[in-house]
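**Q** Everything in the sequence shown is counted per my numbering, starting at 77 for the first residue and increasing by one.
Just so you know, even glycine gets a beta-carbon here, dropped at the ideal spot from N, CA and C.
First the structure, which I've put down as structure tokens, then a few questions once you've had a look.
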Amino acid sequence: MGMDKQNVLIPGAGGAAGIGAIKSLRMCKFQGKIVSTDADMLSAGLYLADKGYVVPSANDPSFFREAMGIIEKEQIKIILPTSGFDIVPYSKNKKVLENNGVISVISDYKVIETCLNKEKFYYKLKGKFNLPYTTTNPSEIDTFPCIVKPIFGKGSRNVFICHDENELRMILSRYNDMLIQEYLPSKEYTIDVLSDLDGNALIAIPRERVEVKAGISFKGKIILDRAIQEECLRIAEYLRIKGPSCMQMKCDKKGEPKLTEVNPRMGGGTIMATYAGLNFPELIIKIANGEKIEIPEIKEITMVRYYEEVILDEKGKVMRL
């Protein structure tokens, strides 16, 4: 069966990455069914897909059982990773999925575990790549401001800028399992990276985050910086990433980019890559089918986002998209 006829599942479709994946599939020649899931019945991605299902939260013991029921019912062949929560149970159960004829284009669980634990991530890459100074010991900090963030955090939740030692001590007294990191004051980049199922990195597309709201890029532009691209390809291969990932870099006061995190999934701004000429969801499906990947020419576009509405009637049926 060709890639255009297969049914795909987009978990955690309420986020920008999930919605971007749906839009990207609509923009290519994909003719299969797009199925989405989310724990929130009012997630827009449930209504933008051909079929949407409300599922338990990813950390609920019943999540994977419920998901498998949907996968079997909808004859899903490929799972596209867009949610930082849902990738955990899907990566843990890759063998179960494979035995049922489903390809989950997600990194192995050990890789995901490393990426989600910012302390473990730092020590794995320390000395091999350019990283901001990082510690869990406040006594080691003698330069302010500094950044304090959760070791297991996602997005920009509970991330603080501390301007002096008193602020640092106060934040650490209120929150557990926090990481202290060098403050990077200059430009910020997200780099969308695509790897094959053997962990070979294929392409990296940097985009400058010009304006960010709630951790999502609302204004951005593609910057084809060769040094950043090559560094991110090396990082992806070192970590043995499979499928998509989005990497975060910020520049220090000298303008030198430093890696702050790697998310082993599609990013909230991956739709920019689609408009720039590289459709990640389309290529992920081709990778899952063992097809040869040809990298098209990428344009250095600029994106400005705005809000759109999905209107439901009193019975929860879509009135307007």
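Compare the Cα-Cα distances from Ile-86 to each of Ile-182, Glu-258 and Lys-330 and report the closest residue.
**A** Of the candidates Ile-182, Glu-258 and Lys-330, the one whose C-alpha sits nearest the C-alpha of Ile-86 is Ile-182.
**Q** If we ignore side chains and look at the alpha-carbon of each, how far apart do Leu-255 and Gly-366 end up?
**A** Each residue's alpha carbon lies about 40 Å from the other.
**Q** Counting only runs that start and end within the stretch 276-318, where is the alpha helix (DSSP H) found for 4 or more residues in a row?
**A** With a minimum length of 4 residues, the continuous alpha helix (DSSP H) runs that stay inside the stretch 276-318 are 302-315.
**Q** With distances taken from CA atoms, which of Ala-312, Asp-253 and Val-130 is nearest Lys-235?
**A** It should be pointed out that residue 235 corresponds to Val in this sequence rather than to Lys. Checked all of Ala-312, Asp-253 and Val-130; the closest Cα to Val-235 is Asp-253.
**Q** If we count Cβ pairs, one from each stretch, closer than 8 Å, do we get three or more for the stretch 174-191 versus the stretch 136-154?
**A** With the cut-off at 8 Å, the stretch 174-191 and the stretch 136-154 touch.
**Q** According to DSSP, is Val-394 part of a helix, a strand, or is it coil?
**A** It is a strand residue.
**Q** DSSP three-state label for Gly-229, please.
**A** Coil, per DSSP.
**Q** Mapping DSSP to helix, strand and coil, what is Asn-242?
**A** Looking at Asn-242 - three-state DSSP - the assignment turns out to be helix.
**Q** For the pair the stretch 334-347 and the stretch 197-205, tell me if three or more CB-CB distances fall below 8 Å.
**A** Touching, per the Cβ criterion.
**Q** What first and last residue would you give for the alpha helix (DSSP H) that runs through Met-342?
**A** From DSSP, Met-342 is part of no alpha helix (DSSP H); its letter is neither H nor E.
**Q** For Ile-217, which residues from the same chain have a beta carbon less than 8 Å from its beta carbon, with the 5 sequence-adjacent residues on both sides left out?
**A** Correct list, in chain order: Thr-211, Glu-241, Leu-244 and Ile-256.
**Q** What is the C-beta distance between Leu-354 and Ile-374, in whole angstroms, given that I count them as a contact (C-beta under 8 Å)?
**A** Between Ile-374 and Leu-354 the Cβ distance is about 6 Å, and since that is below 8 Å, they are a contact.
**Q** Along the chain, where does the alpha helix (DSSP H) containing Asn-175 start, and where does it finish?
**A** 170-175 is the extent of the alpha helix (DSSP H) around Asn-175.
**Q** Nearest to Met-342 by alpha carbon, out of Pro-333, Lys-329 and Val-269?
**A** Taking only the C-alpha atoms, the option nearest Met-342 is Val-269.
**Q** From Thr-266, Val-288, Pro-221 and Asn-83, pick the residue whose C-alpha is nearest to that of Gln-107; which is it?
**A** Of the listed residues, the one whose Cα sits closest to Gln-107 is Asn-83.
**Q** Per the DSSP calculation, Cys-222 is bridged to which residue(s)?
**A** Bridge partners of Cys-222: Cys-238 and Glu-258.
**Q** Taking all protein chains shown into account, decide if Ser-119 is buried (16 or more other Cβ within 10 angstroms of its Cβ) or exposed.
**A** Looking at its Cβ environment, which holds 16 or more other Cβ atoms inside 10 Å, Ser-119 is buried.
**Q** Do you know whose CA, among Arg-381, Ile-387 and Lys-171, lies nearest Phe-294's CA?
**A** Comparing Cα-Cα distances from Phe-294 to each of Arg-381, Ile-387 and Lys-171, the minimum goes to Arg-381.
**Q** State the DSSP-derived secondary structure class of Tyr-166, mapped to helix, strand or coil.
**A** Tyr-166: helix per DSSP, three-state reduction.
**Q** Using the three-state DSSP reduction, which class does Met-323 fall into: helix, strand or coil?
**A** Here Met-323 sits in strand by DSSP.
**Q** Of all the beta strand (DSSP E) runs that stay within the bounds of the stretch 77-144, which reach a length of 3 or more residues?
**A** 83-86, 110-114 and 127-130, all fully within the stretch 77-144.
**Q** Indicate whether Ile-371 and Met-323 have their beta-carbon atoms separated by less than 8 Å.
**A** Taking 8 Å as the Cβ cut-off, Ile-371 and Met-323 do not qualify as a contacting pair.
**Q** Alpha carbon to alpha carbon, what distance is there between Arg-141 and Asp-162?
**A** If you take the alpha carbons of Asp-162 and Arg-141, they lie about 13 Å apart.
**Q** For Lys-170, which residues of its own chain have a beta-carbon under 6 Å away from its beta-carbon, when the five flanking residues on both sides are left out?
**A** Hits under 6 Å: Ser-180.
**Q** Could you check what DSSP says for Tyr-382 in three-state terms: helix, strand or coil?
**A** Tyr-382: coil per DSSP, three-state reduction.
**Q** By how many angstroms is the C-alpha of Lys-109 removed from the C-alpha of Val-224?
**A** Going from the Cα of Val-224 to the Cα of Lys-109 covers about 43 Å.
**Q** Since Ala-134 and Ile-98 are thought to touch, with beta carbons under 8 Å apart, how far apart are those beta carbons, to the nearest angstrom?
**A** Not confirmed; about 19 Å, so no contact.
**Q** With the cut-off set at 8 Å, would you say Ser-271 and Gly-319 are in Cβ contact?
**A** Contact flag set, yes.
**Q** Comparing alpha-carbon positions, which option in Gly-121, Asp-114 and Val-131 lies nearest Gly-96?
**A** Ranking Gly-121, Asp-114 and Val-131 by Cα distance to Gly-96 puts Gly-121 first.
**Q** Compute the beta-carbon to beta-carbon distance between Leu-309 and Ala-280, rounded to the nearest angstrom, for a pair I have assumed lies under 8 Å.
**A** About 5 Å; that satisfies the 8 Å criterion.
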